[in-house]
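Line by line, the protein sequences are chains A and B. Here the working numbering runs 82 ahead of the position in the first sequence, where the first position is 1. Here the working numbering runs 117 ahead of the position in the second sequence, where the first position is 1. In what follows, a structure is listed as structure tokens, so that the remarks can point back to it.
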Amino acid sequence: METYAKNYNIERQDIANAGTIASLTKRELKRRGLTREFVKKVTIGIYEAEINVVIHSYGGDANLNVTDDFIEITFTDRGPGIESIDEAMTAGFSTASPLAIENGFGAGMGLPNIKAVSDEMLLTSSKEGTKLYLKFYISSDNYES
Amino acid sequence: MKVKNLLESKHFQLISDDSGIENEVNGIFSCDLLSHVLGFANEHNILITVLNNINVLGVASLLDLSCVIFSHNIQVNEAIIIKTNELNIPLIRTNLSTSETVITLHKMGVKN
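So, in structure tokens, the structure goes:
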């Protein structure tokens, strides 16, 4: 199938639209005949990453590529950066704002959930911004028979 | 069991339109933290929550949950109800507490 390539803008604090990228990706993966289980795994990772950019950053974007063999997505934001990646990767550790918590986020499970579902995860961060690269491999078993 | 069977209980009031009431129900998940819902809820679960915001629908839609029950008689805003009708995720309100809702659902035959 043809490669599906998209670039999405993510606005800071835009909680009402958070999840749009995950939702559009889910639709595309289902269209390509991938299994429910596989689609769930990928969309959880994308949703969590998207929420992180919305609730923690000054805004950014996401670059998505879907091929027959893999899905890769890179989230890039404009800061303020993650102070300690080790702490951020710890389940339950959270620096979420009251607004995020009021909206059901900020459990400190975002990055641990992303790590659990993705095959490759690269996270780099400085005050100028954070970059998160995720890759999910697709095998023939991931397609509906 | 289907969502429409839950509506036979006097405790459960459908507050969205009837799209999605034929959705299958296979278990209960109760939580107010969306990352936990994402990490642990399963397809066709009922989500019980007091979280009144639109992201509940995003998560319910991603996971193909069967419906959302708002416990403690939570008042759900109109924007959520309009959005849910597009997504075929029925919204139910109950004056029961979260734990009473779980017990009631269990007695009705929702076992997991």
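By construction, the Cβ of each residue, glycine as well, lies at the ideal position given by its N, Cα and C atoms.
No Cβ of chain B is located within less than 8 Å of the beta carbon of residue 137 of chain A.
In the structure shown, the three-state DSSP call for residue 222 of chain A is helix. With respect to residue 146 of chain A, residue 225 of chain A sits apart: the two C-beta atoms are not nearer than 8 Å. In the three-state scheme derived from DSSP, where H, G and I count as helix and E and B as strand, residue 190 of chain A is classed as coil. Along the segment 184-197 of chain A, going in chain order, the ones with a CB nearer than 9 Å to a CB of chain B are 184, 185, 186, 187, 188, 189, 190, 191, 192, 194 and 195. Here residue 135 of chain A really is in contact with residue 159 of chain A; their C-beta atoms are around 5 Å apart, less than 8 Å. Residue 172 of chain B has a beta carbon lying within less than 8 Å of a beta carbon in chain A.
By the neighbour-count definition (other C-beta atoms within 10 Å, threshold 16), residue 223 of chain B is an exposed residue. Neighbours of residue 125 of chain A in chain B, taken as residues at a C-beta separation under 8 Å, are given in chain order as 179. Membership of residue 132 of chain B in any beta strand (DSSP E) is not indicated, and neither H nor E is assigned to it by DSSP.
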